[in-house]
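A.B. asks: Residue numbers (the numbering used here), protein chains in the order written: chain A, 191 to 485; chain B, 191 to 485; chain C, 191 to 485; chain D, 191 to 485.
Number of protein chains: 4
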Amino acid sequence: MSDRISLDDLNGRDRAGFIAALGDIFEHTPWVAEGAYARRPFATVAALHEAMMGVVRARTEAEQATFVAVHPDLAGKAARAGAMTAASVSEQAGLGLDRLSEEEYGRFEALNTAYRERFGFPFVICVRRQTRDAILDAFERRLAHERAEELAAALAEIGHITRLRLVERVDGPGAPEVVGRLSTHVLDTHKGGPAAGVGIDLYEVGASGRALLRQATTNEDGRTDAPLIAGAPLRIGTYELVFQMGAYFAARGLDLPERPFLDAVPIRFGIAEPEGHYHVPLAVTPWSYSTYRGS
Amino acid sequence: MSDRISLDDLNGRDRAGFIAALGDIFEHTPWVAEGAYARRPFATVAALHEAMMGVVRARTEAEQATFVAVHPDLAGKAARAGAMTAASVSEQAGLGLDRLSEEEYGRFEALNTAYRERFGFPFVICVRRQTRDAILDAFERRLAHERAEELAAALAEIGHITRLRLVERVDGPGAPEVVGRLSTHVLDTHKGGPAAGVGIDLYEVGASGRALLRQATTNEDGRTDAPLIAGAPLRIGTYELVFQMGAYFAARGLDLPERPFLDAVPIRFGIAEPEGHYHVPLAVTPWSYSTYRGS
Amino acid sequence: MSDRISLDDLNGRDRAGFIAALGDIFEHTPWVAEGAYARRPFATVAALHEAMMGVVRARTEAEQATFVAVHPDLAGKAARAGAMTAASVSEQAGLGLDRLSEEEYGRFEALNTAYRERFGFPFVICVRRQTRDAILDAFERRLAHERAEELAAALAEIGHITRLRLVERVDGPGAPEVVGRLSTHVLDTHKGGPAAGVGIDLYEVGASGRALLRQATTNEDGRTDAPLIAGAPLRIGTYELVFQMGAYFAARGLDLPERPFLDAVPIRFGIAEPEGHYHVPLAVTPWSYSTYRGS
Amino acid sequence: MSDRISLDDLNGRDRAGFIAALGDIFEHTPWVAEGAYARRPFATVAALHEAMMGVVRARTEAEQATFVAVHPDLAGKAARAGAMTAASVSEQAGLGLDRLSEEEYGRFEALNTAYRERFGFPFVICVRRQTRDAILDAFERRLAHERAEELAAALAEIGHITRLRLVERVDGPGAPEVVGRLSTHVLDTHKGGPAAGVGIDLYEVGASGRALLRQATTNEDGRTDAPLIAGAPLRIGTYELVFQMGAYFAARGLDLPERPFLDAVPIRFGIAEPEGHYHVPLAVTPWSYSTYRGS
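(1) Short check: CB of PHE433(A) to CB of ILE390(A), under 7 Å?
(2) Relative to the C-alpha of TYR468(D), which candidate in GLU293(D), THR374(D) and CYS316(D) has its C-alpha closest?
(3) How about SER478(A) and THR379(C): are their beta carbons less than 7 Å apart?
(4) What are the partner residues of ILE457(D), as DSSP defines its beta bridges?
(5) Measuring alpha carbon to alpha carbon, tell me which residue in THR321(B), ALA276(B), ARG332(B) and GLU293(B) is nearest ARG308(B).
(6) When you compare the CB positions of TYR429(D) and GLU394(D), do they come within less than 7 Å of one another, or not?
(7) What residue range is occupied by the uninterrupted beta strand (DSSP E) comprising ASP327(A)?
(8) Using a Cβ-Cβ cutoff of 9 Å, what residues of the region 371-387 of chain C are near chain A? List them in chain order.
(9) May I ask you to list the residues that DSSP assigns as paired with LEU377(C)?
(10) Assign LEU402(C) to one of three DSSP states: helix, strand, or coil.
(11) From what residue to what residue does the beta strand (DSSP E) around ALA420(B) run?
(12) Give a yes or no on whether the minimum CB-CB distance between TRP477(D) and chain B is below 7 Å.
(13) Applying the 10 Å Cβ sphere with the 16-neighbour rule, what's the burial state of ALA513(B)?
(14) For a contact defined as C-beta to C-beta under 7 Å, what are the partners of PHE451(A) on chain B?
(15) Whose CA, out of LEU290(B), LEU354(B), ASP361(B) and LEU377(B), lies closest to the CA of GLY368(B)?
(16) Measuring straight from C-alpha to C-alpha, what distance separates MET191(C) and LEU402(D)?
(17) Please compile the residues from chain B whose C-beta is within a distance smaller than 9 Å of the C-beta of ALA223(A).
(18) Comparing alpha-carbon positions, which option in GLY421(C), LEU472(C), GLY383(C) and TYR482(C) lies nearest ARG442(C)?
(19) At 7 Å on the CB atoms, spell out the chain B contacts of GLU448(A), in chain order.
(20) Which two residues bound the contiguous alpha helix (DSSP H) that contains LEU354(A)?
(21) Consider the Cβ of ILE419(B): report whether some Cβ of chain A lies at a distance smaller than 7 Å.
(22) Is it buried or exposed for LEU238(A), if we count other Cβ within 10 angstroms and need 16 for buried?
(23) Tell me, to the nearest whole angstrom, how far the beta carbon of PHE311(C) is from that of ALA255(C); I am working on the premise that it is less than 8 Å.
(24) Nearest chain A C-beta to SER398(B) closer than 7 Å, yes or no?
(25) Restricting to Cα atoms, I'd like to know which of THR234(C), GLU217(C) and GLY296(C) is closest to ALA276(C).
(26) If we ignore side chains and look at the alpha-carbon of each, how far apart do ARG413(C) and LEU472(C) end up?
(27) Examine chain B for any beta-carbon lying closer than 7 Å to the beta-carbon of PRO456(A), and answer yes or no.
(28) Under 8 Å by Cβ, that's how I've got ILE215(A) and MET242(A) pegged, so tell me the actual separation to the nearest angstrom.
(29) Do you know whose CA, among SER480(D), TRP221(D) and ASN201(D), lies nearest VAL245(D)'s CA?
(30) Run down chain C in chain order and give the residues with a C-beta less than 7 Å from the C-beta of ALA342(D).
(31) So with CB distances below 8 Å, who are the chain B contacts of VAL480(D)?
(32) Could you list which residues in chain C have their beta carbon closer than 8 Å to that of ALA473(A), in chain order?
(33) Measure the CB-CB distance between GLU465(D) and GLY370(D) and report whether it falls below 7 Å.
(34) Which two residues bound the contiguous beta strand (DSSP E) that contains THR481(A)?
(35) Tell me the rounded alpha-carbon separation between GLY284(C) and ALA265(C).
(36) Using a beta-carbon distance cut-off of less than 7 Å, what residues from the region 315-348 of chain A approach chain B?
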């Protein structure tokens, strides 16, 4: 992010320079940056973002709907036709929405069509905060909204999208929180200390299967050297941590059955707050365990 | 089991009648019943079985090996050729060993051959106490045995097989324990009482996939109306209970995230003692849970 | 209870016989039995009690207040002067209210006086459902009531008192629940089985100290041979179970520090439902434990 | 500790300066510093201490016993007569050994006499690592030692005493670990987050009663702003944390019984490692809790 603009620099720019810097944060909509220009200076990056959102919120419902309508479909024809902004291309690709099977593409297409027919604008969601499964869930849930409720939902998502873009563009104090963290800790309550050397697999669990996201091994403190996920929003979705406790207890030399009571211990959990800290510890013996959402 | 013979009746029979009743308990080996006849009367069914095993143990190692050798291969040619005793046919069918794919049949055939070459007698295991995965594990583990160790293992399995057969044949006091039990209990520690109406799925988890064994719903006491497994030996293997806690807490009307932290809660565990009582309870809130092997 | 009257007998009695049998269930108030007589026959003991309470509830508020006013003070002058019914004497003695120190007697006297001045009738509470501490708490809490609220509270307590008396007097189907139960279970999650031989002390914990109520030792199933409390209402109050885990783990021969992390493990809990089942289990290793209210 | 000597300074000193700086670290025994002088320079403070202990260990058993014999009795006549070194006076006073009742003084006196008669030297223990109860326990346990075993125990204690003194005297890299830490964390698993505002009392629990050591309240993260104990060795002993969960859950506005199931939640635990980190968390709902030794 070495090429970020400093907030000080932004605060000192003239109108043209300001818009040049921020005009594309809101998809195809430079009037947001224009409107925000009048509210300079900004003490924090969060205040700058809030001001830009305020410009949108001050518009009429019809204008807001028009504004939403400039966004591309998810996994839609714009993507295939190369008509999206670079930011949108990158965001959708991060979730593999540019590599769907024909069947998946068909499902998105049907949902996009139903949604456009119902609301008159495309379905907008901050894909960087979602798993693919969560997007499909949200799509179906939001299709049942009333129009005003859904317009608010769409603007909230645009808030998430642009907050992320702004933090990557502007360097300064008071940046809004845009990253989450997933961590774990394995405590061996049979011996009364951290469990070192435990293999851990992290999966994303979707409706159609599971995908291995990460493998790690606990250190002397029973933790992983780095958080399991960090530095980005957590994607809303369902996950499973699998702790290889059978191998760990066998390595401790305990006298356990050939087929141990606990071997691979799965903990399945949902993430609902992309900017949250999810600490999912395991306190475990060969015969018992407990977990909770910590922070 | 209305046609079982009473232990009193057996104790009063003459030699021919005694052998007629018990001669086929030990596969193709009426001399076991003959030998046991001399030790009448038996105070308990367990003592009768112990006497029969004592007849086998009193033989030389060579005689024991010959005795083991009359048993059929698992999932082997005898099964295909219809040359097994009715009891063996039924026992192997219970595990689906009569319905293997060609690939699975091939794997068993290779193991059978390797085993016979190494020990000179067929691999014997009490299939009613095993999942298919556990049999394959035991096969590979026992192939590494020394001969004397393996002969003892084979006799121990014959003890399990014949104990089950004897309990089904003879009615009387002091029957040996041949059945296990798997039960659960869901306690809602958010409200401080049993969790009623929780859907539970029980799976067998094998190397090549998982199979749904049973579905149940908790009653007002947080238990299932009947144990999840009862009335037979538990099959050595790996299992998973999946508790539908998301639906349960939603039905309680709690204010939880759209994507709840806990939804389907899996507990995966191994069963090593077919005649044991495995009580696997879940104490759970929307944000935490614990389990242990109870009894 | 061999001299109880059967419900059938009661249903068949004439007016005089019915009143002779039940006239003293409600303190100094035979008209309750008289009123209930008209509602015969009763299918259950619970229905009989409900009918008697219905007679009281049908009276005017002034009549109800007069009815409440015939009850003796708690730990009051009537007790000292020998002017209470035998049932009241026995009930108050069960809680030691006949053996108060001068200071305690003084505190009750002051509360009795304040209460009578406020409401015009004495403080009534079912002492068999209370610890002494709980009575003092209830006294102070109820002094803050409005009169109608407090009259209802007094009648509810008279319901509890007479329900207990009736169950002891009348034998028949559908007896109302008047007993509670406290039980425990110690599970050693270090070894994966019940903890046998664990010493357990049960204390009542009051504002002015603690009293040992019961000592027990766990059996092979990790339970006590009999419930810790049963056969009577649980007394509302605060309790502490102390589990002697240090001695238990030492006896198992585990290699633990001279000063073990867990030695005497206290679990302090309140009982609020005298007719409830309180199961307070302990799942424990030398380094961890958990408990919950079970049932 | 602004007047500490730097390790560099010490390494550069001549014999007299070195002994002047360290001669009193070992009670009345300047030859330890003399012996260590020959082993300069020291890369770490730990190496310096190890060298000094090596000087002691290189002596004969008789010389070591004579060395131990110069130490003062605990709570003994020397203390009363003002004949101890300033360091010993301060160390014993920290545990209140200068303010014993006549009865307690008598018990120490009897143990001191029995010990001296058995071993020929006084009982030495690093009082800064002990509660008074733990000292009495150690006294009785060590009285049962063989002489060689006990001499080793006494030297180990002198190692603890002088390690603490040295760390306070000398500033430099590689200081040995002489401090422990006790911390806690309260997690509300009913709401799925840290429990803020929970009152916590920390007691020392002795044979003759309990003493309140510290009160704290949890912050927004469910932790106390500072560890409950830090900056010094933990004293070997028994402790109790009492968490005021009743007030906390009431403040959350939960609908709980007048007499809640959990109100003051005690966790009693032993500390055996004065330089250890004891993290004793509480995961709790109104109806359940769990704890463990964390780190």
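Built from N, CA and C at the ideal position, the CB exists for glycine as well.
C.D. replies: Let me spell this out:
(1) Counting from 1 along the first sequence, the entry for residue 433(A) is found at position 243. Counting from 1 along the first sequence, the entry for residue 390(A) is found at position 200. Yes, these two residues count as a Cβ contact at 7 Å.
(2) Mapped onto the fourth sequence, residue 468(D) falls at position 278. Closest option to TYR468(D), Cα to Cα, is THR374(D).
(3) The residue given as residue 478(A) occupies position 288 in the first sequence. The residue given as residue 379(C) occupies position 189 in the third sequence. For SER478(A) and THR379(C), yes; Cβs fall inside 7 Å.
(4) Indexing the fourth sequence from 1 puts residue 457(D) at position 267. According to DSSP, ILE457(D) bridges with LEU431(D).
(5) Within the second sequence, the letter at position 118 stands for residue 308(B). Nearest of THR321(B), ALA276(B), ARG332(B) and GLU293(B) to ARG308(B), Cα basis: ARG332(B).
(6) For the purposes of this step, residue 429(D) is taken as the residue at position 239 of the fourth sequence. For the purposes of this step, residue 394(D) is taken as the residue at position 204 of the fourth sequence. Cβ atoms of TYR429(D) and GLU394(D): closer than 7 Å.
(7) One-based indexing of the first sequence puts residue 327(A) at position 137. Unbroken run through ASP327(A) is the alpha helix (DSSP H), 322-333; no beta strand (DSSP E).
(8) LEU377, ASP378, THR379, HIS380, LYS381, GLY382 and GLY383
(9) Walking along the third sequence from the start, residue 377(C) turns up at place 187. DSSP output for LEU377(C) lists PRO384(C) and ALA473(C) as bridge partner(s).
(10) The residue labelled residue 402(C) in the question sits at position 212 within the third sequence. In the structure shown, LEU402(C) sits in a strand (DSSP, three-state: E or B).
(11) On the second sequence, residue 420(B) is found 230 positions in, with the first residue counted as 1. Note, ALA420(B): beta strand (DSSP E), 419-422.
(12) Looking up residue 477(D) in the fourth sequence gives position 287. Interface residue, yes.
(13) In the structure as shown, chain B begins at 191 and stops at 485. Residue 513(B) is therefore absent and cannot be evaluated.
(14) Against the first sequence, residue 451(A) aligns to sequence position 261. Under the 7 Å cutoff, chain B gives PHE459, GLY460 and ARG483.
(15) As a working note, residue 368(B) is residue 178 in the second sequence. Per the sequence shown, the amino acid found at residue 368(B) is Val instead of Gly. Of LEU290(B), LEU354(B), ASP361(B) and LEU377(B), the residue nearest in Cα terms is LEU354(B).
(16) Counted from its first residue, the third sequence places residue 191(C) at position 1. Counted from its first residue, the fourth sequence places residue 402(D) at position 212. Note that MET191(C) scores a pLDDT of 47, beneath 50, so its modelled location is shaky; the value from the coordinates is reported in the next line. Spanning the two alpha carbons is a distance of roughly 50 Å.
(17) Translated into the one-based positions of the first sequence, residue 223(A) becomes position 33. Near ALA223(A) there are no residues of chain B at all, since even the closest Cβ is about 32 Å away, more than 9 Å.
(18) The count along the third sequence starts at 1 and reaches residue 442(C) at position 252. For ARG442(C), the nearest C-alpha among the options comes from GLY383(C).
(19) As a position in the first sequence, residue 448(A) is number 258, starting the count at 1. Neighbours of GLU448(A) on chain B, chain order: ALA462.
(20) In the first sequence, counting from the first residue as 1, residue 354(A) sits at position 164. Here the alpha helix (DSSP H) through LEU354(A) covers 337-359.
(21) Position 229 of the second sequence, counted from the first residue, corresponds to residue 419(B). Judged by the 7 Å Cβ criterion, ILE419(B) is not in contact with chain A.
(22) Locating residue 238(A) in the first sequence gives position 48, counting from the first residue. Buried, because 16 or more other Cβ atoms sit within 10 Å of the Cβ of LEU238(A).
(23) The sequence position of residue 311(C) within the third sequence is 121, counting from 1. The sequence position of residue 255(C) within the third sequence is 65, counting from 1. 5 Å between Cβ atoms; contact.
(24) In the second sequence, the residue the question calls residue 398(B) occupies position 208. Judged by the 7 Å Cβ criterion, SER398(B) is not in contact with chain A.
(25) For the purposes of this step, residue 276(C) is taken as the residue at position 86 of the third sequence. The residue with the shortest Cα to Cα distance from ALA276(C) is GLU217(C).
(26) Taking the third sequence and counting its residues from 1, one reaches residue 413(C) at position 223. Taking the third sequence and counting its residues from 1, one reaches residue 472(C) at position 282. Their Cα atoms are separated by approximately 10 Å.
(27) Working through the first sequence from its first residue, we reach residue 456(A) at position 266. With 7 Å as the cut-off, PRO456(A) counts as an interface residue toward chain B.
(28) Your numbering for residue 215(A) matches position 25 in the first sequence. Your numbering for residue 242(A) matches position 52 in the first sequence. Going by Cβ atoms, the distance from ILE215(A) to MET242(A) rounds to 7 Å, so yes, they are a contact pair.
(29) The count along the fourth sequence starts at 1 and reaches residue 245(D) at position 55. From the listed residues SER480(D), TRP221(D) and ASN201(D), the smallest Cα separation to VAL245(D) is found for TRP221(D).
(30) Numbered from its first residue, the fourth sequence carries residue 342(D) at position 152. Under the 7 Å cutoff, chain C gives no residues; its nearest Cβ is about 16 Å from ALA342(D).
(31) Counted from its first residue, the fourth sequence places residue 480(D) at position 290. Before going on, a small fix: residue 480(D) reads as Ser here, not Val. In chain order: SER480.
(32) The residue labelled residue 473(A) in the question sits at position 283 within the first sequence. Within chain C, the residues near ALA473(A) are SER478.
(33) Numbered from its first residue, the fourth sequence carries residue 465(D) at position 275. Numbered from its first residue, the fourth sequence carries residue 370(D) at position 180. Between GLU465(D) and GLY370(D), the CB-CB gap stays under 7 Å.
(34) Walking along the first sequence from the start, residue 481(A) turns up at place 291. From DSSP, the beta strand (DSSP E) with THR481(A) extends over 478-482.
(35) Along the third sequence, one-based indexing puts residue 284(C) at 94. Along the third sequence, one-based indexing puts residue 265(C) at 75. Approximately 12 Å between the Cα atoms of the pair.
(36) ALA324
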